[in-house]
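J.:
Protein chains in written order, with the working numbering: chain A, 16 to 347; chain B, 16 to 347.
(1) Would residue 327 of chain A be called buried (16 or more neighbouring beta carbons within 10 Å of its own) or exposed?
(2) Would you call the stretch 260 to 275 of chain A and the stretch 226 to 236 of chain A in contact, with 3 or more CB pairs under 8 Å?
(3) Have a look at A/340, A/181, A/213 and flag the residue whose alpha-carbon is nearest the alpha-carbon of residue 257 of chain A.
(4) According to DSSP, simplified to helix, strand and coil, what is residue 347 of chain A?
(5) Please list the partners that residue 312 of chain B has in chain A, where partner means a Cβ-to-Cβ separation under 8 Å.
(6) Using the C-alpha atoms, what's the distance from residue 128 of chain A back to residue 68 of chain A?
(7) Below 7 Å on C-beta distance, what does residue 176 of chain B contact in chain A?
(8) Mind pulling the chain A residues with CB within less than 7 Å of residue 270 of chain B?
(9) 8 Å is my cut-off, CB to CB: does residue 179 of chain A come that close to chain B?
(10) Give me the Cβ distance between residue 311 of chain A and residue 173 of chain B, rounded to the nearest whole Å; I'm assuming they're in contact under 8 Å.
(11) Nearest-angstrom Cα distance between residue 237 of chain A and residue 39 of chain A?
(12) Does DSSP put residue 237 of chain B in a helix, in a strand, or in coil?
(13) What residues in the stretch 151 to 168 of chain A bring their beta carbon closer than 9 Å to a beta carbon of chain B?
(14) For residue 104 of chain A, decide whether its Cβ has a neighbour in chain B, counting only Cβ atoms nearer than 8 Å.
(15) Output the distance between the C-alpha atoms of residue 211 of chain B and residue 217 of chain B, rounded to the nearest integer angstrom.
(16) Give the range of the alpha helix (DSSP H) segment to which residue 264 of chain B is assigned.
(17) With three or more C-beta pairs closer than 8 Å as the rule, is the stretch 103 to 114 of chain B touching the stretch 131 to 151 of chain B?
(18) Name, please, each residue of chain A whose Cβ falls closer than 7 Å to the Cβ of residue 184 of chain B.
(19) Taking residue 27 of chain B as part of the beta strand (DSSP E), name the residues at either end of that continuous run.
(20) In the DSSP assignment, what are the bridge partners of residue 291 of chain A?
(21) Buried or exposed: which applies to residue 78 of chain B, given that a residue is buried once 16 or more other Cβ atoms fall within 10 Å of its Cβ?
(22) Using 8 Å as the cut-off, can you tell me whether the stretch 311 to 324 of chain A makes contact with the stretch 282 to 296 of chain A, which would need three or more C-beta pairs spanning the two stretches below that distance?
(23) By the 10 Å Cβ neighbour count, where 16 or more other Cβ atoms means buried, how is residue 222 of chain A classified, buried or exposed?
(24) Note down the Cα distance separating residue 298 of chain A from residue 163 of chain B, rounded to an integer number of angstroms.
(25) Does residue 173 of chain A come out as helix, strand or coil in the three-state DSSP assignment?
(26) Going by beta-carbon coordinates alone, are residue 123 of chain B and residue 183 of chain B separated by less than 8 Å?
(27) Could you name the residues of the stretch 186 to 201 of chain A whose beta carbon sits closer than 8 Å to any beta carbon of chain B, in the order they occur along the chain?
(28) Using DSSP with H/G/I as helix, E/B as strand and the rest coil, what is residue 88 of chain A?
(29) Specify, as a first and last residue, the run of the alpha helix (DSSP H) that residue 210 of chain B falls within.
(30) Can you find the residues in the same chain that come closer than 7 Å, C-beta to C-beta, to residue 19 of chain A, ignoring five residues on each side of it along the sequence?
(31) According to DSSP, simplified to helix, strand and coil, what is residue 103 of chain A?
(32) Which parts of the stretch 119 to 164 of chain B are runs of the alpha helix (DSSP H), unbroken and 4 residues or longer, counting only runs that do not cross its ends?
(33) Could you spell out where the beta strand (DSSP E) holding residue 69 of chain A opens and where it closes?
(34) Any C-beta of chain B within less than 9 Å: which residues of the stretch 277 to 300 of chain A qualify?
(35) If I'm right that residue 325 of chain B touches residue 26 of chain B with Cβ under 8 Å, what's the distance once you round it to whole angstroms?
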């Protein structure tokens, strides 16, 4: 029997399960997706994932014994040392002993981390941070998550909260109230949700314009629509995205005083706005701090899109595997 | 001849040179102090330091060949890989190749880092962070310096600017202009300088009070006087220190989103205000962030006072010495 050689990386989201087959170099060989249906409980979700994994392995000529292990990115707060989901608003789960459950029922090693951290690890392993030791990674979607990479590993801090930058206060005046109960959080000022709210406000206030047309025909506006309009040159939409870019640029400058990162990677749906977002973001970033602070820092777009989570989740197993092989060689 | 066993740690400040004899456990055996006279140039300062070191060694029965090396904490921006002082406002020096000069003329290994970083290393080695792997250390005096400790070493970032938190913007409204040209920097709102300015404003505005008495008799008020009055219960002075505590508490909460440190150590002259400062600081810190973020973080006063710099500077040599002994044992 040959050594197990393949990893499974899972991005377990509130809407869908994305599952990838990843090799030891971090290449995503294939992937599959299915609705999460978290309300049916974690036993059912575990069964769904197990069947998906079996099919994915089988389809590529692997059996379960070829699988080194399964890494999973989970939205929410985790008790990392024990692999417990303390609270996941997106999944509607509390205190779920997921790692133990999966390891026992699937009989393979299982590793968990939060979704923003695995996205950062994916970009580090095979994306924008491929050659970088230390970086800060932002994932901007409905909310804003962050991952801090130090010495080519995720940095967790005292209780796994390092990089949870969505609730840093970035605005004092005219600030929106956040889900967390505070005001002016990064998440309420620079996420897809913020873009949608800004677009709705503009559409309601203005006499005419593309945003108003969309709003009047459908009763709502999505961030994706605003981003598309901005890229096409619509002035209102551009302004909304540029404002977000400036908020992010100032925020990243402040954070740089603490970590002085070599690389900042910005991913998630909002990063699809490309230059409309990145040009004001980088200009504001450079203008908002001492020149010495930002001169060695690059700010770039994430490269892996929604594959980052699967690849980064697989890296959790890769790290464990490489460490134990190393120990094996050092203490034979 | 026995192996060299003793370290010299130097805190090279704008006003004085503090030099300590430190053993391999980080104990400060003895120390001495002299005026810096940086204006006379680095050759002269180097001679002064060499004579001080010779005396200190001799006084305790050591010769130069017993000295493993000299670590130095310097105020300002350094090119760390090359040991060059890029710019030190306090010393009035620019582009000084100090490490090379000292190593060549003194003929011992020399290591440099900035003053806030060596203070943090001192507290880590033998002070408040003795048993801690990761911490954030603030030194609050005329300015505000910071040091980030990760995995029992200083974290420098891309170009040595990590932890230079004095210029993070903490105030939008009614903010003072900083030396750096921006407004509302931590340093202009929470340093000894900020305390003095707040005290002067109060003294000028109010009809009576202790602060006004001091101001009228001497034409100025020092931070030390305000801190002393606050500790004695003077309401105006307490208010000034409490305001500073609140600014620091909010700032540290925001920074914790990025690093989630196990320990935050606050040192420097302003920390002598003790509970008058720490009580509002800690209360604001805990109230300014998600409970999960701060629940594992302790905020404590630095323990080593102005010895931290000397001990931390000696640690720079200790690290190098321990690493090379380790290499020696592994590759004999």
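Each residue gets a CB set at the ideal place from its N, CA and C atoms; glycine is no exception.
T.: If we stick to the structure as given:
(1) For the purposes of this step, residue 327 of chain A is identified with residue 312 of the first chain, where counting begins at 1. So residue 327 of chain A ends up on the buried side.
(2) The stretch 260 to 275 of chain A is not in contact with the stretch 226 to 236 of chain A.
(3) Translated into the one-based positions of the first chain, residue 257 of chain A becomes position 242. Minimum Cα distance to residue 257 of chain A is reached at A/213.
(4) Indexing the first chain from 1 puts residue 347 of chain A at position 332. Interpretation of residue 347 of chain A is limited by its pLDDT of 42, a score under 50 that renders its predicted location unreliable; the figure taken from the coordinates is listed afterwards. Here residue 347 of chain A sits in coil by DSSP.
(5) Looking up residue 312 of chain B in the second chain gives position 297. Residues of chain A with a Cβ closer than 8 Å to the Cβ of residue 312 of chain B are, in chain order, 173.
(6) Along the first chain, one-based indexing puts residue 68 of chain A at 53. Along the first chain, one-based indexing puts residue 128 of chain A at 113. About 19 Å.
(7) Here residue 176 of chain B refers to the residue found at position 161 when the second chain is read from its first residue. Per Cβ cutoff of 7 Å: 275, 307, 308.
(8) As a first step, residue 270 of chain B is located in the second chain; it is residue number 255 there, counting from the start. Within chain A, the residues whose beta carbon sits less than 7 Å from that of residue 270 of chain B are 273, listed in sequence order.
(9) By one-based count along the first chain, residue 179 of chain A stands at place 164. Yes, contact with chain B.
(10) Numbered from 1 along the first chain, position 296 holds the residue referred to as residue 311 of chain A. Numbered from 1 along the second chain, position 158 holds the residue referred to as residue 173 of chain B. Your pair residue 311 of chain A and residue 173 of chain B checks out as a contact, with CB atoms roughly 4 Å apart and the cut at 8 Å.
(11) Taking the first residue of the first chain as position 1, residue 237 of chain A is located at position 222. Taking the first residue of the first chain as position 1, residue 39 of chain A is located at position 24. For residue 237 of chain A and residue 39 of chain A, the distance between alpha carbons rounds to 38 Å.
(12) Position 222 of the second chain, counted from the start, is the residue given in the question as residue 237 of chain B. Secondary structure at residue 237 of chain B: coil, using DSSP grouped into helix, strand and coil.
(13) Shown in chain order are the members of the stretch 151 to 168 of chain A whose Cβ falls below 9 Å from a Cβ of chain B: 151, 161, 163, 165, 166.
(14) The residue you call residue 104 of chain A lines up with position 89 of the first chain. With 8 Å as the cut-off, residue 104 of chain A does not count as an interface residue toward chain B.
(15) Position 196 of the second chain, counted from the first residue, corresponds to residue 211 of chain B. Position 202 of the second chain, counted from the first residue, corresponds to residue 217 of chain B. Cα-Cα distance, rounded: 10 Å.
(16) Within the second chain, the letter at position 249 stands for residue 264 of chain B. Start and end: 250 to 274.
(17) Below 8 Å, too few C-beta pairs join the stretch 131 to 151 of chain B and the stretch 103 to 114 of chain B to call them touching: fewer than three.
(18) Walking along the second chain from the start, residue 184 of chain B turns up at place 169. What residue 184 of chain B touches in chain A: 269.
(19) As a first step, residue 27 of chain B is located in the second chain; it is residue number 12 there, counting from the start. Where residue 27 of chain B is concerned, the enclosing beta strand (DSSP E) starts and stops at 21 to 27.
(20) Working through the first chain from its first residue, we reach residue 291 of chain A at position 276. Residue pairing by DSSP places residue 291 of chain A opposite no residue, since no beta bridge is assigned to it.
(21) Indexing the second chain from 1 puts residue 78 of chain B at position 63. Around the beta carbon of residue 78 of chain B, fewer than 16 other beta carbons lie within 10 angstroms, which makes this residue exposed.
(22) Under the three-pair Cβ rule at 8 Å, the stretch 311 to 324 of chain A counts as touching the stretch 282 to 296 of chain A.
(23) One-based indexing of the first chain puts residue 222 of chain A at position 207. Result: exposed.
(24) Indexing the first chain from 1 puts residue 298 of chain A at position 283. Indexing the second chain from 1 puts residue 163 of chain B at position 148. C-alpha separation (whole angstroms): 27 Å.
(25) Against the first chain, residue 173 of chain A aligns to sequence position 158. If DSSP states are grouped into helix, strand and coil, residue 173 of chain A belongs with coil.
(26) Your numbering for residue 123 of chain B matches position 108 in the second chain. Your numbering for residue 183 of chain B matches position 168 in the second chain. No, the pair does not count as a contact, with Cβ atoms beyond the cut-off.
(27) Flagged, chain order: 187, 188, 195.
(28) Sequence index remark: in the first chain, residue 88 of chain A carries index 73 (1-based). Strand.
(29) Taking the second chain and counting its residues from 1, one reaches residue 210 of chain B at position 195. Following the DSSP letters along the chain, one finds residue 210 of chain B inside the alpha helix (DSSP H) bounded by residues 207 to 220.
(30) To locate residue 19 of chain A, count along the first chain from 1; it is residue 4. So the qualifying residues of the chain are 80, 81, 82, 83.
(31) For the purposes of this step, residue 103 of chain A is identified with residue 88 of the first chain, where counting begins at 1. Here residue 103 of chain A sits in strand by DSSP.
(32) Counting only runs of 4 or more, we get 130 to 141.
(33) In the first chain, residue 69 of chain A corresponds to position 54, counting from 1. Following the DSSP letters along the chain, one finds residue 69 of chain A in no beta strand (DSSP E) but inside the alpha helix (DSSP H) bounded by residues 57 to 74.
(34) Result list: 277, 278.
(35) Counted from its first residue, the second chain places residue 325 of chain B at position 310. Counted from its first residue, the second chain places residue 26 of chain B at position 11. With a beta-carbon spacing of about 5 Å, residue 325 of chain B and residue 26 of chain B fall inside the 8 Å limit used to define contacts.
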